[in-house]
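**Student:** From first to last, the protein sequence lines stand for chains R and D. Heads up: the first sequence is residues 13 to 114, going by the numbering used here. Heads up: the second sequence is residues 13 to 114, going by the numbering used here. The C-beta atom is built at its ideal place from N, Cα and C for all residues, glycine as well. Quick caveat: nothing in here was measured; it's all calculated off a predicted structure. Okay, here's the structure, questions in a sec.
2 protein chains.
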Amino acid sequence: FTQAGQASYYADKFNGKKTASGATYRPGKRTAAHNTLPFGTIVRVTNPRNHRSVKVKITDRGPHAKGRVIDLSRKAARRIGLVQAGVAPVQLKVVRAMPGSR
Amino acid sequence: FTQAGQASYYADKFNGKKTASGATYRPGKRTAAHNTLPFGTIVRVTNPRNHRSVKVKITDRGPHAKGRVIDLSRKAARRIGLVQAGVAPVQLKVVRAMPGSR
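As structure tokens, then:
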């Protein structure tokens, strides 16, 4: 599974809130929201503008906006230089699927 | 309850998909995603740039991005002139709370 589109990141107000998977959102963990990948899937997210990448675990659902493919935790966003821009193009590649998922 | 912030709207690919409330997303209905209001709450969404407003029912959760307060269905977005801009400032006002909700 690979996908290209735009990424944004969680506002700090979500700190301590429950995600769709049941896990609590923590800005310092490398997690993300994706609309279809099973919870627990590990995805490599690459920012082609600076060639930086980060691996994140899918723990939540979203985003809804057109062209948007993933919402990153603050730590993951910082790793790929997304915090200043707010939104940036990314490439996604699943590096570990959940057992039993397609 | 009143709130100000930015609104975006659902991509068309969500047509027929289940929302967090269990209801199916339909672009032609006036619905929205909000992070805290109970499902079923009716909210008036006003675009101060053109003074247009629409009433929507909360059926889903989201958005995550900073400053973003609501994601509108396509029909609701069109009513307030949001489709071209993609994102716009809005004001929210609850006009009918769910019974028993605070």
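#1: Any C-beta of chain D sitting closer than 8 Å to the C-beta of P60/R?
#2: Going by other Cβ atoms of all chains shown within 10 Å of its Cβ, with 16 needed for buried, is T53/R buried or exposed?
#3: Distance cutoff 8 Å, beta carbons only. Does A97/R sit that close to anything in chain D?
#4: Hey, how far is the Cα of G28/R from the Cα of P39/R?
#5: Within the same chain, show all residues whose beta-carbon is closer than 7 Å to that of F51/R, passing over the 5 residues directly before and after it, in chain order.
#6: Where does K67/D fall in DSSP's three states?
#7: So, is the C-beta of K78/R closer than 8 Å to a C-beta in chain D?
#8: Quick one: is G74/R near chain D, going by C-beta distance under 8 Å?
#9: Could you give the residue range of the alpha helix (DSSP H) that holds A89/D?
#10: What residues in the segment 21-34 of chain D have a beta carbon less than 9 Å from any beta carbon of chain R?
#11: Indicate whether A45/D and I92/D have their beta-carbon atoms separated by less than 8 Å.
#12: Name the residue from A35/D, T58/D, S20/D, F26/D whose alpha carbon lies nearest to the alpha carbon of V106/D.
**Tutor:** Checking against the coordinates, here is how it stands:
#1: Taking Cβ atoms only, chain D never reaches closer than 8 Å to P60/R, which makes this a no.
#2: The residue in question, T53/R, is buried, as its Cβ has 16 or more Cβ neighbours within 10 Å.
#3: Contact with chain D is absent for A97/R, since none of that chain's Cβ atoms lies less than 8 Å from the residue's Cβ.
#4: Between G28/R and P39/R, the alpha-carbon positions lie close to 9 Å from each other.
#5: For F51/R, the CB contacts under 7 Å within the same chain, skipping 5 residues up- and downstream, are S33, I70, T71 in chain order.
#6: Strand, per DSSP.
#7: At a cut-off of 8 Å between beta-carbon atoms, K78/R makes contact with chain D.
#8: Output row for G74/R: interface = yes.
#9: Element bounds for A89/D: 86-91.
#10: So the list reads Y21, Y22, A23, D24, K25, F26, K29, A32, given in the order they occur along the chain.
#11: No, they are not a contact pair.
#12: It is T58/D.
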